[in-house]
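Reading through the structure tokens given below for one structure.
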Amino acid sequence: MRGKTATFGSRKNVVYSEEHWKLLERKREEAKKIMENLVRAGFRPILYGSVARGDVSPTSDIDIFVPQLCPSYLIELAVDYMDRRIVQATPNYAIKGELIVDESITVSFPLVKMKDRELDFYRFGGCIGYDELLKGVRAAGVDKRLVLILPNERGHEEVPINEMQPSEVAKILNVSIDIVEERMRVLERRREVGRTGVFLCVSVPPGESFESVLRDIAKKKPAVRRQIVERMG
Numbered sequence: 001m002r003g004k005t006a007t008f009g010s011r012k013n014v015v016y017s018e019e020h021w022k023l024l025e026r027k028r029e030e031a032k033k034i035m036e037n038l039v040r041a042g043f044r045p046i047l048y049g050s051v052a053r054g055d056v057s058p059t060s061d062i063d064i065f066v067p068q069l070c071p072s073y074l075i076e077l078a079v080d081y082m083d084r085r086i087v088q089a090t091p092n093y094a095i096k097g098e099l100i101v102d103e104s105i106t107v108s109f110p111l112v113k114m115k116d117r118e119l120d121f122y123r124f125g126g127c128i129g130y131d132e133l134l135k136g137v138r139a140a141g142v143d144k145r146l147v148l149i150l151p152n153e154r155g156h157e158e159v160p161i162n163e164m165q166p167s168e169v170a171k172i173l174n175v176s177i178d179i180v181e182e183r184m185r186v187l188e189r190r191r192e193v194g195r196t197g198v199f200l201c202v203s204v205p206p207g208e209s210f211e212s213v214l215r216d217i218a219k220k221k222p223a224v225r226r227q228i229v230e231r232m233g
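Quick note on numbering: the sequence shown equals residues 1 to 233 in full-length UniProt numbering.
Dropping the structure here:
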């Protein structure tokens with residue numbers, strides 16, 4: 001069962017049990033295998049979310065993102081996947097491709113040029129690169145409850161970000177104040193009305209490419225067509 005979104009909470013220290021450390025190690029080993037293949041193919045993947053921060057549970061997804069814009073087949077060649085889809089969170093967010101490795105592992109990548117502030121989204125939630133993963137680094141980041149997770153030797157400290165200034169959160173996570181304020185608005189709205197789903201989620205059939213399916217979508221959806229024109233020139 002997924003945790004509730006944007007519930008805030010109280011400031012506290014969490015000490016990881018031996019079982020928790022083993023679970024984190026297992027999930028990171030799975031991520032490492034996929035990221036290693038991507039690195040060998042010339043990409044610079046990042047791992048983001050709870051597996052990057054360390055505050056995992058048995059249901060935690062393994063989310064990997066490849067920030068480079070390139071022909072989708074190059075990424076597909078490096079990943080053993082079972083399904084493909086095109087997603088877009090809102091009409092203003094970058095359109096992305098997703099490779100579904102299994103029910104808990106996803107590799108995503110942009111299908112249009114991304115804005116710097118969109119990359120801040122990953123830093124806001126906590127992310128690490130392949131080299132950091134090999135070194136056992138855990139990143140600070142904000143979870144879906146709007147709680148800042150600050151890793152330490154024994155586990156992590158939790159600080160609800162409504163107890164902090166946006167500028168303080170931005171400095172810790174090395175992101176813009178705008179992204180902190182935006183994510184707070186989005187996650188607080190989810191708390192009030194629930195998750196409303198994504199703007200776009202289309203499966204890519206076998207034998208077709210991400211790019212060809214995206215062209216077909218653009219013919220039917222003006223917002224998608226507009227973003228492709230604006231970002232790809």
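We treat Cβ as the ideally placed atom computed from N, Cα and C, and that holds for glycine. The structure presented is a predicted model; accordingly, all values stated were derived computationally and were not measured.
Alpha helix (DSSP H) segment containing residue i, residue limits
i, result
"residue 27", "18 to 40"
"residue 217", "210 to 220"
"residue 133", "130 to 134"
"residue 120", "116 to 125"
Sequence-distant residues of its chain with Cβ nearer than 7 Å to residue i (five each side left out)
i, result
"residue 62", "27, 30, 31, 51, 104 and 105"
"residue 209", "72 and 73"
"residue 223", "91"
"residue 150", "140, 156, 157 and 159"
Cβ-based neighbour list, residue i, same chain, cut-off 6 Å, excluding 5 preceding and 5 following
i, result
"residue 79", "99 and 107"
"residue 231", "112 and 113"
Run of the beta strand (DSSP E) containing residue i, from where it starts to where it stops
i, result
"residue 175", "Looking at the DSSP string, residue 175 is not in any beta strand (DSSP E), and its letter there is neither H nor E."
"residue 108", "105 to 110"
"residue 14", "12 to 15"
"residue 160", "155 to 160"
Residue i to residue j span [Cα, whole Å]
i, j, result
"residue 204", "residue 95", "14 Å"
"residue 65", "residue 110", "9 Å"
"residue 90", "residue 160", "26 Å"
"residue 118", "residue 15", "32 Å"
"residue 201", "residue 92", "15 Å"
"residue 41", "residue 57", "30 Å"
"residue 185", "residue 120", "15 Å"
"residue 162", "residue 187", "12 Å"
"residue 2", "residue 59", "Its pLDDT being 39, under 50, residue 2 is placed unreliably by the model, and the measurement read from it follows with that caveat. Their Cα atoms are separated by approximately 8 Å."
"residue 228", "residue 218", "8 Å"
"residue 136", "residue 21", "11 Å"
"residue 138", "residue 199", "31 Å"
"residue 216", "residue 225", "10 Å"
"residue 164", "residue 180", "11 Å"
"residue 11", "residue 38", "38 Å"
"residue 122", "residue 183", "11 Å"
"residue 115", "residue 69", "12 Å"
"residue 86", "residue 214", "8 Å"
"residue 174", "residue 189", "24 Å"
"residue 220", "residue 88", "15 Å"
"residue 43", "residue 34", "11 Å"
Same chain only: Cβ atoms within 8 Å of residue i, ignoring 5 sequence neighbours per side
i, result
"residue 177", "166, 167 and 170"
"residue 36", "130"
"residue 212", "none"
"residue 24", "16, 51, 54 and 56"
"residue 134", "32"
"residue 81", "99, 100, 101 and 107"
"residue 84", "76, 97, 98, 99, 100, 203, 204 and 210"
Helix, strand or coil at residue i according to DSSP, with G and I counted as helix
i, result
"residue 43", "coil"
"residue 75", "helix"
"residue 143", "coil"
"residue 84", "strand"
"residue 92", "coil"
"residue 69", "coil"
"residue 168", "helix"
"residue 50", "helix"
"residue 256", "The structure shown has nothing for residue 256, since the chain only spans 1 to 233."
"residue 101", "strand"
Residue i CB to nearest heavy atom of the ligand MN below 6 Å
i, result
"residue 53", "This structure lacks the ligand MN, and indeed carries no ligand of any kind."
Please determine if the stretch 122 to 135 and the stretch 46 to 53 are in contact, where contact requires at least 3 C-beta pairs separated by less than 8 Å.
-> yes
Check whether the stretch 136 to 146 touches the stretch 52 to 61, taking contact to mean three or more Cβ pairs, one atom from each stretch, closer than 8 Å.
-> yes
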